[in-house]
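Peer 1: Numbering-wise (my numbering), the sequence shown opens with residue 3 and increments by one. Got a structure here, written out as structure tokens. Questions coming.
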Amino acid sequence: MTVVRYERRGPVAVVTMNRPDYRNAQNSAMTYALDEAFYQAAADDEVKVIVLAGAGKHFSAGHDIGTPERDAHVSFERKAGLWWDHVGKDGAESRFARESEVYLGMCRRWREIPKPTIAMVQGACIAGGLMLAWVCDLIVASDDAFFADPVVRMGIPGVEYFAHPWAMPPRIAKEFLYTGDRMPARRAYEVGMVNRLVPREELEAQTLALAERIAAMPRMGLALTKKAVNQAEDLQGMHAGMDSVFGLHHLAHAHNAETAADSLAGMDPKSMKAAADGS
């Protein structure tokens, strides 16, 4: 089964993460398949808008930290930067090289796709799933969706693509991170992180209708408008801010590696879920 599906629907490309048995947890194979799909959509002159979706009940539970297909030890052809391959390296050198490529680097690469992108979110959108939603220009969420970045439980100050203070007001971002609590879609809409909140049964139809409405605009106008807003965010410190927090993120990994069971402080999917459920 391919880990990413690609489908053209008129002027809209629908890119679907396809690991529903694992709540679309993102291994490296999925990351590079997403990159290939986005590149295909960007290069296709008939595609005006890209929709990112997740198969099954959930958009994405985040990075793969425990499925049978976890492939953090595997080399892939690097696309997002010039850091060397992490495979065969030790400690922080390996971790920093890998995350510079598959996490921060890929997300920045996708944020700059010169076509409008829409995240179509249902169910869980957690940690690495947030990163994928945040790189999209718009987010349409179903009323059963929820958002969370619980990695402070690992002693880590948020996910690698640290868009929190730009995706929501800073005080809300602090509460979101300090508690690790799930933010319901309604609250995400209220704080401005989500553009539209729709019934679950209408999610696909309403997202595609929005995509088709945007697709009626001139391609160059859309591309320049996207670039203008992205540049404004970066002038507000988004790019430099992410670089500084990425360093703190890796300081936390290194601290965990020295003082705890591993760089994730001994946490795994089961313990993270138990903490979120309060059990």
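C-beta: ideal position from N, C-alpha, C; glycine also. Values in this document were obtained by computation on a predicted structure and should not be read as measured data.
(1) Out of curiosity, what's the CA-to-CA distance linking Val-5 and Met-32?
(2) Take Ala-15 and list the residues in its own chain whose beta-carbon comes closer than 6 Å to its own, dropping the five residues that flank it on each side.
(3) Mind listing, in chain order, the continuous alpha helix (DSSP H) runs of no fewer than 4 residues lying wholly within the region 133-180?
(4) Can Pro-152 and Gly-194 be called in contact, C-beta distance under 8 Å?
(5) State the start and end residues of the unbroken alpha helix (DSSP H) segment that holds Ile-216.
(6) Cβ of Gly-68 within 8 Å of Cβ of Asp-270?
(7) Pair every Cβ in the region 132-152 with every Cβ in the region 69-89, then say whether three or more of these pairs are closer than 8 Å.
(8) Kindly indicate which residue of Leu-253, Met-222, His-166 and Trp-112 has the alpha-carbon position closest to the one of Ile-128.
(9) Are there three or more Cβ pairs, one per stretch, closer than 8 Å when the region 99-106 is compared with the region 158-175?
(10) Cys-109 bridges to which residues according to DSSP?
(11) For Gly-158 versus Phe-40, is the C-beta spacing smaller than 8 Å?
Peer 2: Looking at the atomic coordinates:
(1) Going by the C-alpha atoms only, they are around 6 Å apart.
(2) Cβ within range, chain order: Ala-43, Val-49 and Ile-52.
(3) Segments of the alpha helix (DSSP H) lying fully in the region 133-180: 166-169.
(4) Going by C-beta atoms, Pro-152 is not nearer than 8 Å to Gly-194.
(5) It spans 205-217 - the alpha helix (DSSP H) in which Ile-216 sits, taken as one unbroken run.
(6) In this structure, Gly-68 places its C-beta atom within 8 Å of the C-beta atom of Asp-270.
(7) With the cut-off at 8 Å, the region 132-152 and the region 69-89 do not touch.
(8) When Leu-253, Met-222, His-166 and Trp-112 are compared, the shortest CA-CA separation from Ile-128 is found for His-166.
(9) Counting C-beta pairs closer than 8 Å gives three or more between the region 99-106 and the region 158-175, which meets the contact rule.
(10) Residue pairing by DSSP places Cys-109 in no beta bridge whatsoever.
(11) A quick correction: the sequence has Ile, not Gly, at residue 158. Contact: no.
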